[in-house]
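Residue numbers (my numbering), protein chains in the order written: chain U, 1 to 403; chain X, 1001 to 1290; chain W, 2001 to 2263; chain H, 3001 to 3333.
Inspection log for the structure reproduced underneath, given as structure tokens.
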Amino acid sequence: MGRIKSKHNNRNFHFMVLAMGLLLLAAALLVMQPAPAEADEGTVNVGIMAPLSGPGAPWGIATARVLELQFKQINDAGGVKVGNKVYKLKWYKEDDKYMGSAAAQAAARLIHDLDCKVIFGTNGSSPVLAMHPITTDNKVPVFCNSFADDAVSPERKYNFRTSMTSHQYAPVVWKYAKGRWPEIKRVAAIGQNDATGKEETNHIKLACEPLGIAVDIELFEPGQKEFYPLLTRVLAKKPDAMDPTCCALGSASLIMKQARELGFKGKFISSVFLDPTLNGPIAGFDNIEGSLTVTWDLANGSPGERAFYKMWCDNWNPKEFNVSPTIFYTGAEIWLEAIQKVGDIDADKVRNLIESGHMFNTTIYGKVKFSGKDYYGVDHQLITPVVISEVKDKKLVEIWRGK
Amino acid sequence: MTLQMFVQSLINSILSGGVLILIAMGLTIILGIMKVVNFAHGEFYMLGGFGIWWFFAEHGLNFVLALILSVTLVGILGVAIERGLFKPFRENAFPSLIISCGILLVFRAATQLSFGLVDHAVPTPEAFKGMIQVSGAFLSKERLIVICITLALIIGLYVFIKFTKAGLAMRAVSDNPAAASLQGMSVDRISSLAFFIGSVLAATAGCLTGPIFYVSPTMGAEPGLMAFVVIVLGGIGSITGTVIAGLIIGFIEGFGAIPFGTNYATVMVYVVLLITLIFKPMGLLGHAEK
Amino acid sequence: MPLLEAEHLSIRFGGLKALDKLDIQIEEGEILGLIGPNGAGKSTFINVVSGFHKPSSGRITLNGENIVGLRMDQIASKGIIRTFQVSNLFMSSSVLRNIQVGFHLQSGIGFWGSILGNSKTRRQEQVLHEKALEISNLFNMGHLSNEMTANLPHGHQRELGVAMALAAEPKLLMLDEPVTGMIAEETLRFMNTIRAITKKKGTTTLLIEHDMKAVMGFCDRIVVLNFGKKIAEGTPEKIQKNQDVIKAYLGEKKDAQNPGPAS
Amino acid sequence: MLKNRRLTPNMVLLVIAILLILFPMLSGNKYYLRTITTLAIAIVLTSGFRLIALTGQLSIAQAAFMGVGAYCSTLLIMNLGWNSWICFFLAGFAAALTAGIVGFITLRIKEIYFAIATLALNELFRLIWVEWDTLFGGPAGIVNIPSPDPILGIHFGSVVSFYYIAVLLLFSATAMMLRIERSRIGLIFSSIREFDTLAASLGVNLIWEKVKAFMIACFFAGMAGALYAHLQHFISPVDFTLMDSVMFLLYGVIGGLESVWGPAVGCTVMIFIPVGLRLIPNYNPVIEPIIFGGILILVMRFCPGGLVGLFQKLVSDLKKTESQKGEQEHAAA
């Protein structure tokens, strides 16, 4: 290493520098060669951003599958008519790896290099917050799913959330639960120790305290599988009910299984997501029987929901179904309806339409609109119907539907 | 802390420690004998889990048969990787570390692509179902069985290393590969054997914990990391050290979680590791070379 | 006052007493030979003085200042430099770089000078470079100065070890069996070089050698160890006639069938 | 081109420098500007990793020190309103100071033990940022980090300006690394890695020298972290994880740790491979980890010296055959 005085090595050094030069040159050539992918006449570029690798991959891959099919179907049907022009969609898929830095880089590619006019994605708070400076500066609408309150705010001018969060769900489900079981006095909210889990458990606390229910929040490191120590601590406080769902599906299932093993007899009430077909195999069907949740059975839902579920089952393994695609599918539906309505793909016009409280008709949920001004300061939160279901005989049974 | 909580924490600690020891044991053998830094060790644990899921849950094989089959296959895969990739890099940390990182990425992505997107449940075999109650504390039968098997494997491994010819050869190679090969021991064969045992132990842990937890492509990440913490805390190459360190970490997780919560227990594990290393730079029972 | 004084120095490894209440004085400017059969504790003495091992009890003073308990580099910076028994060198570096590491204590180039690389530093570096060449020339290795150390023949490797130590301009140079594996002519030439240099610079030297015959002609004074104890001390002529010394070497020959000093 | 022996290393460096400086004018593509900005940050971090590796220590905590810099500068700017350029340097000093304190305690640990200790350190730092949410914003991180303050009316907010800051940082870090390489410090560092006892016996203070290397590396890591915070306008604990630290290690070893150019080559290749792959039509990023892992395995299996090592070997083989040919001709004549 660095035997600089030696003649022989001086040459090596020499060649090393040359090698680096060549590499950089190659890189530079690579960079300069392709002109930015200007959209062809008659096509509009759209970006799909999803965690295609890493811990969020199950959601991301499912999302990408559905969106690609959705765009293909639209193109096959002739495209979208915007104003008096008909556009075909050209989509680009990017991997945010469920990481902020990767999401920012991916957004830069979609926007600067591929000239995408809209981004559908992504899951997770950190990626959505990290890509905000790029998307907002370049006026690209983002239809996202992030449970962080911060993802929707006045300065994030073009961020729209097409999923309801525990902030909307928790008050409804806990009010219902308290009405039905007034004996619930103490609740344990268990969540993953990341931005999402922290926000969700906090939402539960905010929803429960006005109802006279004490909330113990317990957080754990993502990826943990052994919850006996945590549950021993939680159960010592003798909670009457538990919301274990502010975390990944597998973790939530394990918490429910292990809580029952440790003798927990109370109800599981979920303000986030609980589906016996998905949670059941890991959690044990007996363990989650009688739980209350805001999830509902798409297969028995509204006509749009039924059609959506059928589309998944026709193309892919029903076992791999999760809710993530519905969120972005809805986002795409809304954006497409909006650009057709305003007759332009301009982000400001789309934003104005959404903020005007326009009712969107074509979504899988039926008629929906954006709201949220009183809490987030801006109407960028999609409001979908809240449904409360109960787990009965290993199935979700709808017991209450809001308007 | 009530008696019930104490007993429960005790059981929790032993279980989390036991599984950790099982995984770390394989790693300490590989690292101790071949001086190969295998960051992909957790992936053998993951493959073991997928093995039991594939044979037992998907294809309805008998649990024990499925376990043996899956463990053997992972062991053979381990030997193949050792022969094909690690062999030139014994005693050489950097390349082996990089290669193992590559293996980790490939395995994880490949399982994700081939076995789909959901976490797979492995049902508990009928015979292992049910709970046992000890002075108010709960212990499921499946966990009890895991503790028993872990204990048996630890003792078995200890006997194997201390008293059998192959075990003696392993220790000799670990101390001084050059001298061992001069005495006619085949370093190649012993390394392969070590890697086989290492991957088998990790895969066994994966199989046994499959029904308790679930099986997913990223399940190896956390145990793989903690296994390194365990062996470094205990001293690389020392089986007793690994057992002690595994129990220490198990107890920190089991008892530390009660007053502080599990995330602070994780902080405590790392703090204990750092403090131990400051005072004993070669781990608790590790000894300096030379 | 002696340059280095060890008083009642003891160290034990397990149950074995490697050094047993040893008293040794080294006078300024002399070449002291420390000899003894295998396992007599000669290398242990160097290890203890250089700070590699910590003595169980006893004192070591350099110019009256206690040095027990200091780190190796602190002891080195006080001017005690040692060589190693086997060829311990920076094998994948060039000969010149090896010698330049030896300049560490003398270089006078500080951290910022080194980082900034200003003209003063460059001049200093040039001076060091020339000094390194000079030292390699002293050992007839000038033509090898850019060679990789691992490629050197054994004899040159031994010489390089001493060259590095000399580069550090020690007050006390401790040579641990420097001529092992050399043939007689090489030994003679090498020992003469060392004696010439150290005498010229006034460097005090402690020479450890297993081969009694090899050191006789070079040392001013000799101390003989056996089983960690001093059994004789005096001029080479006196030592050669000492009955205890002869017995120690012959005894060893009988027990371990080791080729003795005469072979 | 290879035969042009007159091409000095400095000339090539100059060409690279000019290319990098002119690049924003040649191509306005902000995506590539951003990619090179992240590349520059990665090279700075990886060079630091290599510097520590030069003393024989394997640090898996570089991302954490990058985070120390990022959080330090962000908090000073956002809470106390200090000038961002002062904070930029303070970030470096904060990271170096942290490294110094941590180093004095941990650097006597060696080899894999040290690697795992730094790994624990990285996790500890992350957990501190996660748990201490009143100061560090918790897992949600800190949003809306402003762009650097203007100097003499020049505003720094665009991708191009970040690009130039990053290139400047890259140049100064590389100049520093080169200087260290060629100076006595580098000599002493590598002597520790080769044989620490011998170095100590010649008066080298092992701990202090290792701490020095650690501090220099972390100084640049901290500055890179501050730049990263400005570039992203958002930081959270997940930006500085163990996985990122391992990445810098991978980049370094793939490039080759023996050479001062290794980190640059490793980072360039590994960061531009995914970029290049995306030019393939209908490329599916899902398989990227497999490609990435495959490259790691292949490169290490067939050239453990890394890419620079491979290149050096090829060149020396070429020269050997050339000189053999020359000898044969000579003999024939």
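C-beta: ideal position from N, C-alpha, C; glycine also.
- The C-beta of residue 155 of chain U comes closer than 9 Å to at least one C-beta of chain H.
- Its chain contains 3248, 3251, 3252, 3263, 3266 and 3267 as the residues whose beta carbon lies nearer than 7 Å to that of residue 3046 of chain H, once the 5 sequence neighbours on both sides are disregarded; these appear in chain order.
- Check the Cα spacing between residue 2140 of chain W and each of W/2021, W/2186, W/2203 and W/2177: the tightest is with W/2186.
- Nearest Cα to residue 45 of chain U within the set U/378, U/64, U/111 and U/60: U/111.
- Flagged as an interface residue toward chain H: residue 100 of chain U, by a C-beta distance shorter than 9 Å.
- Inclusion of residue 3108 of chain H and residue 1278 of chain X in the CB contact set at 9 Å is warranted, their separation being smaller than that value.
- The DSSP-derived three-state label of residue 283 of chain U is helix.
- When Cβ-Cβ separations below 9 Å define contact, residue 3040 of chain H makes no contact with chain W.
- Think of a sphere of 8 Å around the beta carbon of residue 3106 of chain H: the chain X residues whose beta carbon falls inside it are 1274, 1277 and 1278, in chain order.
- Residue 150 of chain U sits in a helix when the DSSP states are folded into three classes.
- DSSP, read as helix, strand or coil, puts residue 2005 of chain W in strand.
- With a 10 Å radius around the Cβ and a threshold of 16 neighbouring Cβ atoms, residue 3163 of chain H comes out buried.
- Using a 10 angstroms sphere on the CB of residue 3113 of chain H, the tally of other CB atoms reaches 16 or more, which defines it as buried.
- Contact residues of the segment 3181-3209 of chain H toward chain W are 3182, 3183, 3184, 3185, 3187, 3188, 3190, 3191, 3194, 3195, 3197, 3198, 3199, 3200, 3201, 3202, 3203, 3204, 3205 and 3206 (C-beta to C-beta distance below 8 Å).
- Counting the other Cβ atoms within 10 Å of the Cβ of residue 1200 of chain X gives 16 or more, which makes it buried.
- Chain order gives no chain H residues near residue 1036 of chain X, where near means a beta carbon separation below 8 Å; the closest approach is about 11 Å.
- Look at residue 1088 of chain X here: in three-state DSSP terms it is helix.
- DSSP places residue 168 of chain U in the uninterrupted alpha helix (DSSP H) bounded by 166-180.
- In the displayed model, residue 2095 of chain W falls within a helix according to three-state DSSP.
- For the pair residue 49 of chain U and residue 95 of chain U, the CB atoms are nearer than the 9 Å cut-off.
- Contacts with chain U at 9 Å (Cβ-Cβ) do not include residue 3091 of chain H.
- Under the Cβ distance rule, residue 3173 of chain H does not count among the residues neighbouring chain U, no pair being separated by less than 9 Å.
- A Cβ of chain U is located within less than 9 Å of the beta carbon of residue 1123 of chain X.
- The secondary-structure analysis by DSSP pairs residue 396 of chain U across a beta bridge with U/391.
- Taking a contact as a CB-CB distance under 8 Å, the pair residue 1239 of chain X and residue 1111 of chain X does not count as one, their CB atoms being some 30 Å apart.
- Counting only Cβ-Cβ distances below 8 Å, residue 93 of chain U has contacts in chain H at 3284 and 3285, in chain order.
- One alpha carbon belongs to residue 2045 of chain W, the other to residue 2037 of chain W, and they sit about 14 Å apart.
- Under the DSSP assignment, residue 2199 of chain W falls in the alpha helix (DSSP H) whose first and last residues are 2184-2201.
- Linking residue 3184 of chain H to residue 1046 of chain X through their CA atoms gives a straight-line distance of about 48 Å.
- In this structure, DSSP gives residue 1120 of chain X an extended state, which the three-state scheme calls strand.
- At a cut-off of 9 Å, the C-beta of residue 2165 of chain W has a neighbouring C-beta in chain H.
- At a cut-off of 9 Å between C-beta atoms, residue 1041 of chain X does not count as an interface residue with respect to chain U.
- Counting the other Cβ atoms within 10 Å of the Cβ of residue 154 of chain U gives fewer than 16, which makes it exposed.
- Residues of the segment 2019-2051 of chain W with a C-beta less than 9 Å from any C-beta of chain H: 2050 and 2051, listed in chain order.
- Taking C-beta atoms under 8 Å as the contact rule, residue 2154 of chain W and residue 2110 of chain W fail to qualify, at a distance of about 37 Å.
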